[in-house]
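Structure first, then comments.
Now the structure itself:
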């Protein structure tokens, strides 16, 4: 039986990056797409709890089914795996995102939320992002890398609990130097909001912000991208800082209150 | 100068758990509260990108300012730090959440999204959750632990980039055995959606789900909570699976495509 590949994104079911990803995925197997009906960028790992979800069938052909869902990317993964995939997917893909999901952006990204959810469900998953926000971005140079990485993962699998965050620099094919396996660079978004005043004289605040990443090490995704490489970061659905477990013992949280109770 | 403590949550500015946390925090310093105007559970690390934010002043007294914001918990942290705190906060607190944020729940939680955002901004932060979803939950047994942990963190600080995810079992004070520093247990939410049919015969799906965590190790938060301990998990805003960076080299992502370009 052909591999089954589930695809989602956060830019919405009609995004050009999603269509590019469908086309590459169909070279490898049967494809089910379930993606948000509208733009869901910045939705992170959020779930829809206050209302039920609706689904619209957009296309149902041999080898390609496409559905729009009015929930978040994480909702899409959960619902598709449970109700819309004819069998358990062999691989979950998310993207190709219009814009970077490198470094700390993975926290905010709906595209990467979907990938992390798939991993938590025990599925192999990959998120792809191109460093170009334009809705008409040119994905031509991305395609060979997307194809190569999907092929490798289908053939060799991923380590348990690990998924991939792949970012592709905004360069012509000839200028991309190859793939680097890296860790997330440490970075911050500063000056996050811009205050304005409405015609009634009342303040309101628009999200904005400046990405600040100083001297990322050569082992990081920001360095790789700035130097012409496709970055591949292995990620997992666990926020624990393992090294700190021992450090915290020293600062005595296990203090008087433990003994006094 | 007194320490400045910023407080938020995801249950909304009027939640009982938030009021409990305010009261404890005021023993240690000046308090600014900026919390979502309405329930924002399950909002994870999401940001409000499609509309601007509004803020309502609820209380402005000596030592306690309370604001409601129509954004997510992460929006609240960013906006409060930039525009509403009279100086940079010494500590950011989130909660006390009505319900568990142990194990994989940290991914979905708006309460913990706020904590992780504060850490990314370079601030010490702690999230508190009680294993009781009831809006009228009794926080009496939680208070000594909340007080102890806030006191320790203000006195000793936290390791760089590390924040704390504190969960408190639903037990009488006398039955809580103390505090354990742990890692997140591996778990899954299965059977996530329930399909129903509307009066017009069309399907819709409600989020539901079953938390499954089999045999959590004694080093994990689920074990600690099930055995009467308050769990403290050090977390950080980095999804990288560092051990997998080497493993992935073997499966040759740096394959032909790198050499061919």
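Chains as they are written, first to last, in my numbering: chain A, 596 to 856; chain B, 596 to 856. Quick reminder that beta carbons are idealized off the backbone N, C-alpha and C, glycines included. Remember, predicted model here, so these are calculated numbers, not experimental data.
| said: Quick check: residue 740 of chain A and residue 763 of chain A, are their CB atoms within less than 8 Å of each other? | reply: yes
| Reference residue 600 of chain B; option with closest CA among B/624, B/838, B/609 | B/624
| field | 4 or more residues per run - each alpha helix (DSSP H) lying fully within the stretch 707-762 of chain B | value | 738-751
| query | So, does the CB of residue 655 of chain B fall closer than 8 Å to a CB anywhere in chain A? | reply | No, residue 655 of chain B does not count as interfacial toward chain A.
| field | Residue from A/675, A/777, A/766, A/789 with nearest C-alpha to residue 736 of chain A | value | Checking every option, the nearest Cα to that of residue 736 of chain A belongs to A/766.
| query | If you run the structure through DSSP and keep just helix, strand and coil, what is residue 614 of chain A? | reply | Three-state result, residue 614 of chain A: helix.
| query | Taking residue 620 of chain A as the reference, which of A/707, A/700, A/660 has the closest Cα? | reply | A/660
| query | Would a check of beta-carbon distances place residue 703 of chain A closer than 8 Å to chain B? | reply | yes
| field | Any chain A beta carbon closer than 8 Å to residue 788 of chain B | value | yes
| said: If distances are taken between C-alpha atoms only, which option among B/706, B/776, B/792 comes closest to residue 692 of chain B? | reply: B/706
| query | For a contact meaning CB atoms closer than 7 Å, what does residue 649 of chain A contact in chain B? | reply | Listed along chain B are 799, each with a C-beta nearer than 7 Å to that of residue 649 of chain A.
| query | Between residue 805 of chain A and the rest of its own chain, which residues show a CB-CB distance below 6 Å, the 5 nearest in sequence each way excluded? | reply | 785, 786
| query | Going by beta carbon distance, what residues of the same chain come within less than 7 Å of residue 654 of chain B, once the five residues before and after it are set aside? | reply | So the list reads 660, 661, once near-sequence residues are dropped.
| Opposing strand residues paired with residue 692 of chain A [DSSP bridges] | According to DSSP, which records beta bridges pairwise, residue 692 of chain A is partnered with A/724.
| Since residue 690 of chain A contacts residue 728 of chain A with CB under 8 Å, what's their CB separation in whole angstroms? | Incorrect: roughly 13 Å between the Cβ atoms, too far for contact.
| field | Contacting positions in the stretch 719-737 of chain A - beta carbon closer than 8 Å to chain B | value | Taking 8 Å as the Cβ-Cβ cut-off against chain B, none of the residues of the stretch 719-737 of chain A qualify.
| query | How far does the beta strand (DSSP E) with residue 631 of chain B in it reach, from first residue to last? | reply | 625-631 is the span of the beta strand (DSSP E), which, as asked, contains residue 631 of chain B.
| field | Boundaries of the alpha helix (DSSP H) in which residue 673 of chain B is found, first to last residue | value | Here the alpha helix (DSSP H) through residue 673 of chain B covers 668-674.
| said: Taking 8 Å as the cut-off, does the stretch 739-753 of chain A touch the stretch 809-821 of chain A (at least 3 CB pairs, one atom from each stretch)? | reply: Contact between the stretch 809-821 of chain A and the stretch 739-753 of chain A is absent: fewer than 3 CB-CB pairs across the two stretches fall below 8 Å.
| How is the beta strand (DSSP E) around residue 820 of chain A delimited, first residue to last? | From DSSP, residue 820 of chain A is part of no beta strand (DSSP E) but of the alpha helix (DSSP H) over 816-821.
| query | If you measure from the beta carbon of residue 837 of chain B to each beta carbon in chain A, is any gap under 8 Å? | reply | yes
| task | Starting from residue 766 of chain B, trace the alpha helix (DSSP H) both ways and give me its first and last residue. | result | Looking at the DSSP string, residue 766 of chain B is not in any alpha helix (DSSP H), and its letter there is neither H nor E.
| field | Residue-level contact to chain B via CB, residue 678 of chain A, 8 Å cutoff | value | yes
| query | From the beta carbon of residue 783 of chain A, is the nearest beta carbon of chain B less than 8 Å away? | reply | yes
| Name the chain A residues that come within less than 7 Å of residue 778 of chain B, Cβ to Cβ? | Correct list: 835, 837, 840.
| Does DSSP put residue 804 of chain B in a helix, in a strand, or in coil? | coil
| At a CB-CB cut-off below 8 Å, which residues of chain B make contact with residue 636 of chain A? | 644
| field | In DSSP terms, what residue 790 of chain B is bridged to | value | Residue 790 of chain B is bridged by DSSP to B/800.
| Segment limits, beta strand (DSSP E) that includes residue 702 of chain A | Where residue 702 of chain A is concerned, there is no enclosing beta strand (DSSP E), although the alpha helix (DSSP H) it sits in stretches over 700-703.
| Reference residue 656 of chain A; option with closest CA among A/626, A/835, A/608 | A/626
| task | Flag this pair as touching only if the stretch 824-843 of chain A and the stretch 829-837 of chain B have three or more C-beta atom pairs under 8 Å; answer yes or no. | result | Yes, the stretch 824-843 of chain A is in contact with the stretch 829-837 of chain B.
| request: Check each candidate in A/698, A/749, A/733 and name the one with the smallest Cα separation from residue 610 of chain A. | output: A/733
| task | List the DSSP bridge partners of residue 773 of chain A. | result | Its beta-bridge partners are A/824.
| field | Alpha-carbon to alpha-carbon, residue 681 of chain B and residue 858 of chain A | value | An answer regarding residue 858 of chain A cannot be provided, because it is not within the stretch 596 to 856 covered by chain A.
| field | Selection from B/794, B/651, B/722, B/613 that minimises the alpha carbon distance to residue 797 of chain A | value | Minimum Cα distance to residue 797 of chain A is reached at B/651.
| task | Go to residue 645 of chain A, then tell me how far its beta strand (DSSP E) extends in each direction, as first and last residue. | result | Where residue 645 of chain A is concerned, there is no enclosing beta strand (DSSP E), given that its DSSP letter is neither H nor E.
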